[in-house]
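Visitor: Same order as they appear, the protein sequences are chains A and B. Position one of the first sequence corresponds to residue 51 (the working numbering), numbered consecutively onward. Position one of the second sequence corresponds to residue 21 (the working numbering), numbered consecutively onward. Idealized CB from N, CA, C, for every residue including glycine.
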Amino acid sequence: MNERQIHKFVQRYLETTACQIIEKSPAHFQVKLSPRADRDLTNRPYYWSFVDRTGADPETMTMLFVTDKQKYDQTQAAEETKPAGGPVSAADAALGRSFGYINGTALNTNIRVPREDLYFGSRRLNQLFESARSGGNYLCLFQEPDKRSAHPLHSTAYSAWLGVNLKVEFACDMKREEIHSFGVSLATGQCVEQFHNRLLQHRMTPKLPPNVHTAKNALTLNKAAAIAEQTLERKLRTYDYSWAQAAAERLNEELATIGHYYEPLLESADDENKPLIAEQFERRQEEIRWQYEPRVTASAINCGIFYLQGIG
Amino acid sequence: MQVRKRCIPTGQRKGFLTAMQSNYESAKEEHLASPAPSPGANAKRKLHPSVDLQFDRTWLHQLQDRVDRNGPWDDWTMYQLAIEAEQSKLVESFDDLQCLRSLPSFEPMPHQISTARRVLHEMSGRAILADEVGLGKTIEAGLVLKEYMVRGLVKRALILVPASLVLQWVRELNGKFGISAVAQKKEHSWACDVVVASMDTAKRDPHREKLLNQDYDMLIIDEAHKLKNKKTTNYQFVNQLRKKYCLLLTATPVQNDLDELYNLITLLKPGQLGGQSEFAANFVVDKRLPKNEDQLQEALSSVMIRNRRGDGGIQFTKRIVKNIPLSLSAEEQALYEAVTKFVRDRVDESQGDWSSLLSLVTLQREVCSSRDAVFLTLVNMFKKTTEDSPLRPKIWELVEVIRGITANTKAEKTMELVRGMNDKVIIFTEYRATQEYLLQYFRNHNMVAVPYRGGMNRGKKDWMMDLFRGRAQVLIATEAGGEGINLQFCHHMINFDLPWNPMRVEQRIGRVHRLGQTNDVHIYNLCTVGTIEEHIVNLLHEKINLFELVIGELDHILERFETKNESLEQRLARMMLESGGNQEQLRMQIDDLGNSLSRIRDEVELEEPLDMSAINSVMNAVGQTIEVRP
């Protein structure tokens, strides 16, 4: 994600969590968080459990999110030099602070607003990611009709789809990932890839639109999920697994190496030490399997039931 | 709304479903797996002879649950954001360095990146990082850790380091890598994902038990040469820890003996060099003489990386040391004698049990620094005595002597020096009270001086540095340890008084005389004649030749000295007390001590380059030479 993408992401996050944006520029947001965002972002579990138990009115935090540090610092610096007398004053201010003076012009007398630089990989942005993930797990949405239906008595047929975004992890001692988005029609069992992109082409709403009827489901969710899994599995079968082969070979080599070390040790050990060495040997083997064993796992990022126009 | 469960009548759909069904059948035949998700949360199928595919199905149960209860449903925008977040974090290939794009605040050096790559791709995350001092082993370890974390292969990591480096590690990991590492302070700190702790704490109960019951995705050990001996508790403890990836950091994988290298590697990967006897037969001629170098080197290169400084890169400037002998004023001399007598009387009273009196020697050292320092110690001592203690009047007598002192000889000399050099200068003292006194003294003489001490928080330290870099000519410091005070822009330092621990003197010098220093460094040692200080300066300067040692050499000297004896500081204090005021005896004893130290120094200087060359040439082949430009 570059600065612009992050900025856009943050803006959408703040809007959808109903945070109150006090001030913004292309490089920053100053924002009073909504209770929901505050819970997820400010690391104040004790405060929130206090609010929950006592029913007190929550006081949410105000924060400064900087999405483009360079640009923001430049504009800040430009603004600061205007009223003040150049770089000398910074040193004076620093010295002044040592004697306890507060430099009135440079510091805002209002409460301090904590600043967070949101760059890719920063902890706070990861928190935003986490928050989005936990707040966007399970959906039930309807496609909004393209245009008002001409006839008030005419009814459009909708059918339900199971949509699921799966993250596939290919891991051994290294790892890579893929995201697959599947949609399975609950009416027909048809399975579509890139389903998420398809959803993005429509306007979606949580409310059932007027003049719409839904087709009956022919499949259970279980079956639909199985179809998605099957499709994924068939696809994965066509992949190259030389990496897994290599990892398995490494695993065997490593097992042989420690076997070569521990087996003679076990043989020559006396009865007292034997169990200790055997246990250690066992543990080393476990560690090596843990480290190298090739595996592919698929888990859902999020999923939902989507009612789309037509019989899919 | 309910999702209704029904069968479908139309033939076409049936056809599709039977097609699907037959897919299931074939799946069944091949893998004996049930076609529809089983009630369990997970399902495993063979995807390839060497790999299973595992489906996590918790999502399906959750979704079904919500369908049954008709909600609650989440927000559509959040759903989209969640996908976007995952897409941006997606690790698309096995072998690029993902972490580099999430380190905005610094740029690792090329050799650090290539080292991290080798650890990740060629060593599968178990390696000894044996770069020479100053090439950034911490950075390399941080890169590897961060990469595994970004890829989701490491969540829990344990980092064991010497106590003095804990905070430095925490700061580096947080500041440079954005890893939320926590210094272990309380029992519950162990529950954090990334914990930095001192080895000495970790290996003790009750911590030990706790750690042995954990699975750590990654274990990092700094100063790993402390694991060179199989029999130590350190070694056994680390051996018992359960870990997936493991990094051992040391600049000196071999200090004396090839066995050390064997032990270190066996800890990391048992069997890499074979069993103990195999190793001895295959690779060892003598303690420090390897054989079959090519094979040894090959075996090493798959577990160890050692980058070395190029000869051209690092050039330290000269150290110019000047001892400045001073005579105490009559009043100060009177105090010194009074205090010496006071100490001697205590020793006489104690009838040979001096262990509790070692700290009294501090009083004599403090007289050589400032009256304020003595005064503070006396006041504290006074507070500790009972009201009817016979000690109280004696302490008061000393305080009376202090009253007689109006000037500080050393401070006057210092002022003269500082005025004379007319350049930035750092003054080190051992005592807080002396620091306060000097600050005031300089202020009264219209000279800007700023303080620096260990108790200051990070922000204040940084700010003092800024002031010193900017307008203050003088920095007065009580602490030299810990990084963060890098004073390359200053090349004068005054030792107002000297610590008795040579390492601390070395640390002081290291603040100024380091990479990036472009001037020769002037070191002034203030030394009051006829006091204990004279002996110490003599010992450190003449006997150990501390001020001109090669970096790292002092470590070796002290290590050898202290394995046989108590620490140098304790030894000196004991001699002071034992001499009972007999100057001649004291001088002889300190001379003896000095001679044995200079013998050790000669030994170290002589043997080092000769004996290790064979080992070094093998080890040095597993890395590259880095030219570090200051």
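Buried or exposed for residue 416 (chain B), going by 16 or more other Cβ atoms inside 10 Å?
Guide: exposed
Visitor: Which class does residue 119 (chain B) belong to by DSSP, given the choice of helix, strand or coil?
Guide: Looking at residue 119 (chain B) - three-state DSSP - the assignment turns out to be helix.
Visitor: Report yes if the C-beta distance between residue 180 (chain B) and residue 241 (chain B) is below 7 Å; otherwise report no.
Guide: yes
Visitor: What are the complete alpha helix (DSSP H) segments, minimum 4 residues, inside the segment 457-499 of chain B?
Guide: 478-490
Visitor: Quick one: list the residues of chain A neighbouring residue 416 (chain B), beta-carbon separation under 8 Å, in chain order.
Guide: Within 8 Å Cβ-Cβ: nothing; residue 416 (chain B) doesn't reach chain A, min ~37 Å.
Visitor: Does the segment 376-394 of chain B come within contact of the segment 356-367 of chain B, defined as at least 3 CB pairs closer than 8 Å?
Guide: yes
Visitor: Mind checking if residue 45 (chain B) is an interface residue toward chain A, Cβ cutoff 7 Å exclusive?
Guide: Below a pLDDT of 50, predicted positions are generally treated as unreliable, and residue 45 (chain B), at 37, falls in that range; the measurement from the model is reported next regardless. Not an interface residue.
Visitor: Along the alpha helix (DSSP H) that carries residue 63 (chain A), what are the first and last residues, could you check?
Guide: 53-66
Visitor: From the beta carbon of residue 508 (chain B), is the nearest beta carbon of chain A less than 7 Å away?
Guide: no
Visitor: Taking only the alpha-carbon atoms, compute the straight-line gap between residue 515 (chain B) and residue 250 (chain B) and give it to the nearest angstrom.
Guide: 41 Å
Visitor: Return the chain-ordered ranges of every alpha helix (DSSP H) run that is complete within the segment 532-616 of chain B and spans a minimum of 4 residues.
Guide: 552-558, 573-584 and 588-599
Visitor: Give me the chain A residues within the contact set of residue 189 (chain B), using Cβ-Cβ distance strictly less than 8 Å, ordered along the chain.
Guide: In chain order: nothing, as chain A lies at least about 17 Å away.
Visitor: By DSSP, does residue 233 (chain B) sit in helix, in strand, or in coil?
Guide: Coil.
Visitor: Going by DSSP, name the residue or residues bridged to residue 352 (chain A).
Guide: Per DSSP, A:215.
Visitor: I need the straight-line Cα distance from residue 88 (chain A) to residue 200 (chain B), nearest angstrom please.
Guide: 20 Å
Visitor: In chain order, what residues of the same chain lie with their CB nearer than 6 Å to the CB of residue 244 (chain B), ignoring the 5 residues before and after it?
Guide: 268, 269 and 270
Visitor: Answer with yes or no whether the minimum CB distance from residue 232 (chain A) to chain E is below 7 Å.
Guide: The structure shown contains no chain E; its protein chains are A and B.
Visitor: How many angstroms separate the CA atom of residue 176 (chain B) from the CA atom of residue 134 (chain B)?
Guide: 24 Å
Visitor: Between the C-alpha atoms of residue 181 (chain A) and residue 60 (chain A), what's the straight-line distance to the nearest angstrom?
Guide: 12 Å
Visitor: Who pairs with residue 262 (chain B) in a beta bridge, going by DSSP?
Guide: B:235
Visitor: Under 7 Å, do residue 642 (chain B) and residue 247 (chain B) count as touching if we go by C-beta distance?
Guide: no
Visitor: Which whole-angstrom value describes the C-beta separation of residue 231 (chain A) and residue 246 (chain A), a residue pair presumed to lie in contact below a C-beta threshold of 8 Å?
Guide: 4 Å
Visitor: Contact defined as beta carbons within less than 8 Å: I believe residue 556 (chain B) pairs with residue 513 (chain B). What is the distance between those atoms, to the nearest angstrom?
Guide: Actually they do not touch by this definition, with Cβ atoms about 17 Å apart.
Visitor: Within a Cβ cutoff of 7 Å, which residues of the same chain sit near residue 509 (chain B), ignoring the five residues on either side of it in sequence?
Guide: Within the same chain, residue 509 (chain B) has close Cβ partners 444 and 489.
Visitor: Relative to the C-alpha of residue 363 (chain B), which candidate in B:275, B:599, B:88 and B:80 has its C-alpha closest?
Guide: B:599
Visitor: Determine the burial state of residue 209 (chain A): buried for a count of at least 16 other Cβ atoms within 10 Å of its Cβ, exposed for fewer.
Guide: buried
Visitor: With burial defined as no fewer than 16 other Cβ atoms inside 10 Å of the residue's Cβ, what is the status of residue 55 (chain A): buried or exposed?
Guide: exposed
Visitor: Count the other C-beta atoms from every protein chain shown that fall within 10 angstroms of the C-beta of residue 549 (chain B), then say buried if there are 16 or more, exposed otherwise.
Guide: By the 10 Å Cβ count, residue 549 (chain B) comes out exposed.
Visitor: I'd like the list of long-range same chain contacts for residue 49 (chain B), defined as Cβ closer than 8 Å, with 5 residues on each side in sequence excluded.
Guide: Residue confidence is low: residue 49 (chain B) scores 35 on pLDDT, short of 50, so the model does not pin down where it sits. No coordinate-derived value is stated.
Visitor: Nearest chain A C-beta to residue 256 (chain B) closer than 7 Å, yes or no?
Guide: No, residue 256 (chain B) lies away from the interface with chain A (no Cβ there is under 7 Å from its Cβ).
Visitor: Do residue 300 (chain A) and residue 342 (chain A) have their C-beta atoms closer together than 7 Å?
Guide: yes
Visitor: Can you give the Cα-Cα distance for residue 264 (chain A) and residue 359 (chain A), rounded to whole angstroms?
Guide: 9 Å
Visitor: Which residue wins for smallest C-alpha separation from residue 83 (chain B), given the options A:215, A:297 and A:296?
Guide: The residue with the shortest Cα to Cα distance from residue 83 (chain B) is A:215.
Visitor: Return the CA-CA distance between residue 527 (chain B) and residue 107 (chain B), expressed in angstroms with no decimal places.
Guide: 48 Å
Visitor: Under three-state DSSP, which class holds residue 42 (chain B)?
Guide: Interpretation of residue 42 (chain B) is limited by its pLDDT of 38, a score under 50 that renders its predicted location unreliable; no figure is taken from the coordinates.
Visitor: Tell me whether residue 396 (chain B) sits in a helix, a strand or coil according to DSSP, three-state version.
Guide: If DSSP states are grouped into helix, strand and coil, residue 396 (chain B) belongs with the helices.
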